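Asker:
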Amino acid sequence: MPKSQKNLHYHTQMQPRQHLVGTPRSPHSHKARAHLDRPSSIELRPFLACPTALADIKTLLISPTHNMTIILTDTDVYTLARACPRLYSINLGNHNTPVSLGALGYIVRRCRELCEVSLCVDALGTAPLDDDEQVRPQPNRRLMKLDIGESPIACVGPLDPLTAPDLMMSIPRFLHMIAPRLAELEISLGLYFEWTRQTEMETRNDMERWEKVEDALSELAQEDG
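If you read the sequence shown in the UniProt record's numbering, its first letter stands for residue 1, the second for the next number, and so on.
1) Is the beta carbon of ARG86 less than 9 Å from the beta carbon of ASP56?
2) Report the option in SER151, TYR88, SER89, MET144 whose CA atom is closest to the CA atom of ASN98.
3) Does the separation of the CB atoms of ILE90 and VAL121 fall below 9 Å?
4) Residues in its own chain within less than 7 Å of GLU223 by CB, not counting five upstream and five downstream?
5) Could you pull the start and end residues of the alpha helix (DSSP H) that ASP74 belongs to?
6) Quick check on the DSSP output: the alpha helix (DSSP H) that includes GLY105 runs from which residue to which?
7) Cα-Cα, which of TYR78, ALA127, ARG181 is closest to TYR106?
8) Run through the DSSP bridge pairs and tell me what ASP147 is partnered with.
9) Suppose you measure from the CA of VAL213 to the CA of GLU113; what does that come to, to the nearest Å?
10) What residues match up with ASN96 in a beta bridge as DSSP calls it?
11) Along the chain, where does the alpha helix (DSSP H) that runs through ILE171 open and close?
12) Assuming ARG109 contacts PRO137 (C-beta within less than 8 Å), just tell me the rounded distance between them.
13) What residue range is occupied by the uninterrupted beta strand (DSSP E) comprising GLU113?
14) So what's ALA127 in DSSP terms, helix, strand or just coil?
15) Candidates LEU80, ASP76, PRO139, ALA127: which alpha carbon is nearest ILE178's?
16) On the CB-based measure, 16 or more other CB atoms within 10 Å of its CB, does ILE70 come out buried or exposed?
17) Taking the alpha-carbon of ARG141 as reference, which of ALA221, THR52, PRO46 has the nearest alpha-carbon?
18) Whole angstroms is fine: what's the gap from GLU133's alpha carbon to PRO46's?
19) Can you find the residues in the same chain that come closer than 8 Å, C-beta to C-beta, to SER41, ignoring five residues on each side of it along the sequence?
20) Check each candidate in GLY93, THR52, THR203 and name the one with the smallest Cα separation from PRO64.
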């Protein structure tokens, strides 16, 4: 067994290749109580090693312990999107390492049945925008729930009025482009072993920025509705 797979333990329930529900457990879980200040991590990559076996999966739910991180890369997201085109729900509990907005857009538009996503994203950079409608995939009109947890986000700039040039390259415009019916975001504070004043300020600033994004996103959805 490859070394990477040795470090991945799941209590898994599968209903004929449609739903995958897992509770990852660290291989050193028996030592967890003595080392609560040492968050562990797992990789999603071993799960994606045989993509042909995942074609009919509709639900992906992984519920790690609060101190565990799911190592997730953009490449993993692309692989997941190609392997599981019928995905209805993705929930990693916002415990994943942040993936790019581009990766989020890829899986949302490729998996046309996707209705709900719980995923940590990296919104510190410029939101991608593809103006070529003949090249980009069609938007996902089923996605109604996006839980981004405590995803990091850069200053989104002025959002009023909605036609401001800044908004055309902004996060709300990008989210509206990939999921026109998405009008709300789920934003939450995370759990930290060492909650410092700086950590709290940074997290609350991110929440305020995401709330501005949500306001703009809601107005965009109403305009198209």
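Beta carbons: idealized from backbone N, C-alpha and C, even for Gly. The model shown is predicted, which means the values in this text are computed figures rather than measured ones.
Answerer: Short version:
1) The residue labelled residue 86 in the question sits at position 86 within the sequence shown. The residue labelled residue 56 in the question sits at position 56 within the sequence shown. Yes, they are a contact pair.
2) The residue you call residue 98 lines up with position 98 of the sequence shown. Just to set this straight, residue 98 is Pro in the shown sequence, not Asn. Checked all of SER151, TYR88, SER89, MET144; the closest Cα to PRO98 is SER151.
3) Here the question's residue 90 lines up with position 90 in the sequence shown. Here the question's residue 121 lines up with position 121 in the sequence shown. Between ILE90 and VAL121, the gap from beta carbon to beta carbon reaches 9 Å or more.
4) Counting from one through the sequence shown, the residue named residue 223 turns up at place 223. Closer than 7 Å at the Cβ level, and outside the excluded window around GLU223, lies no residue.
5) On the sequence shown, residue 74 is found 74 positions in, with the first residue counted as 1. Run containing ASP74: 74 to 83, per the alpha helix (DSSP H) assignment.
6) By 1-based counting over the sequence shown, the position of residue 105 is 105. Residue range 101 to 110 is occupied by the alpha helix (DSSP H) that includes GLY105.
7) By one-based count along the sequence shown, residue 106 stands at place 106. When only C-alpha atoms are compared, the closest one is TYR78.
8) Taking the first residue of the sequence shown as position 1, residue 147 is located at position 147. Beta-bridge analysis with DSSP links ASP147 to SER118, GLU186.
9) Here the question's residue 213 lines up with position 213 in the sequence shown. Here the question's residue 113 lines up with position 113 in the sequence shown. Answer to the nearest angstrom: the Cα atoms are 24 Å apart.
10) Indexing the sequence shown from 1 puts residue 96 at position 96. Note: ASN96 sits in a beta bridge opposite ILE70.
11) The residue you call residue 171 lines up with position 171 of the sequence shown. 171 to 178 is the span of the alpha helix (DSSP H), which, as asked, contains ILE171.
12) Here residue 109 is taken as the residue at index 109 of the sequence shown, counted from 1. Here residue 137 is taken as the residue at index 137 of the sequence shown, counted from 1. So it is a contact: roughly 4 Å between Cβ atoms.
13) In the sequence shown, counting from the first residue as 1, residue 113 sits at position 113. GLU113: not part of any beta strand (DSSP E); DSSP gives it neither H nor E.
14) Here residue 127 refers to the residue found at position 127 of the sequence shown. Of the three classes helix, strand and coil, the one that applies to ALA127 here is coil, per DSSP.
15) If you number the sequence shown from 1, residue 178 lands on position 178. Put simply, of LEU80, ASP76, PRO139, ALA127 the residue whose alpha carbon is nearest the alpha carbon of ILE178 is PRO139.
16) Translated into positions along the sequence shown, residue 70 becomes position 70. The residue in question, ILE70, is buried, as its Cβ has 16 or more Cβ neighbours within 10 Å.
17) Residue mapping note: residue 141 aligns to position 141 of the sequence shown, counting from 1. Of ALA221, THR52, PRO46, the smallest CA-CA separation from ARG141 is found for ALA221.
18) Taking the sequence shown and counting its residues from 1, one reaches residue 133 at position 133. Taking the sequence shown and counting its residues from 1, one reaches residue 46 at position 46. Only weak support is given to the placement of GLU133: the predicted model assigns it a pLDDT of 47, under 50, and the value that follows is read from those uncertain coordinates. Rounded to whole angstroms, GLU133 and PRO46 show a C-alpha spacing of 35 Å.
19) As a first step, residue 41 must be located in the sequence shown, where it is residue number 41. Excluding positions up to five away in sequence, the list reads MET68, THR69, ILE70, ILE71.
20) Stepping through the sequence shown from its first residue, residue 64 is reached at position 64. Comparing Cα-Cα distances from PRO64 to each of GLY93, THR52, THR203, the minimum goes to GLY93.
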